[in-house]
Amino acid sequence: MKLKSIIIKLIIILFLVCPLQAAELENYYIQTSFHTHHYSQKDYQNNEQNLIGLEKHYSDNDLCGIAFFNNTYEQDTFYIYKGTNYHLFSVGRTEITAKFTYGIVHGYDDEDGRYSTWMHEMGTFPAAVFSFGLRREPFRLDIIPFADAGILVTGGVEF
0 MKLKSIIIKL IIILFLVCPL QAAELENYYI QTSFHTHHYS QKDYQNNEQN
50 LIGLEKHYSD NDLCGIAFFN NTYEQDTFYI YKGTNYHLFS VGRTEITAKF
100 TYGIVHGYDD EDGRYSTWMH EMGTFPAAVF SFGLRREPFR LDIIPFADAG
150 ILVTGGVEF
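See the structure below:
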């Protein structure tokens, strides 16, 4: 029941943040995180992001979306964004893709003074995320480098 509730909330928020545009809607994409790896492997780092996200994909390759996840510091965080999908080339029926998104991240909190990062000082901040991946309809798999800190592997299904 909890997953169904989260998906319904994602769809409602997505319609509010990204109303239908002149570009024709092609599909929705629901995704989750499969693997996270931090390069530094510090004790406090969370490698279980539990990401769940929903994107609206348009026929002109633009997209908008929202993702909820537990950040590196195990804090509930969300990312509201717009962006573009890029088809790089195909190998058989599998597409090699790239994606660039930009938006707002909220959820880094340092009320107790444990962390001294710029993200915690801001709490809410602009972000840009680049990823590359594989797409074989209706499935996608993406690798997302997050700065010099690590990588996140996500995947999902388009519908």
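Numbering-wise (numbering that gives the first Met the number 0), the sequence shown opens with residue 0 and increments by one.
No residue lacks a Cβ here, since even glycine has one placed at the ideal position from N, Cα and C.
Values in this document were obtained by computation on a predicted structure and should not be read as measured data.
Item                                                                                                                                       : Value
What's the C-alpha gap between Val128 and Thr100?                                                                                          : 5 Å
Can you have a look at Leu87 and say buried or exposed, based on whether 16 or more other CB atoms are within 10 angstroms of its CB?      : exposed
Check for me: the beta strand (DSSP E) holding Arg92 runs from which residue to which?                                                     : Unbroken run through Arg92: none, as it is neither H nor E.
Among the residues of its own chain, which have a CB less than 6 Å from the CB of Glu54, if the five just before and after it don't count? : Tyr28, Leu62, Gly64
Which term fits Gly91, buried or exposed, when burial requires 16 or more other beta carbons within 10 angstroms of its beta carbon?       : exposed
Does the distance from the C-beta atom of Tyr185 to that of Gly102 stay below 8 Å?                                                         : Here the chain covers residues 0 to 158 and nothing more, so residue 185 does not appear.
State yes or no: is the C-beta of Val152 within less than 8 Å of the C-beta of Phe33?                                                      : yes
Below 8 Å on the Cβ atoms is my guess for Gly149 versus Phe138; work out the distance and round it to an integer in Å.                     : Contact flag wrong, Cβ pair sits at about 24 Å.
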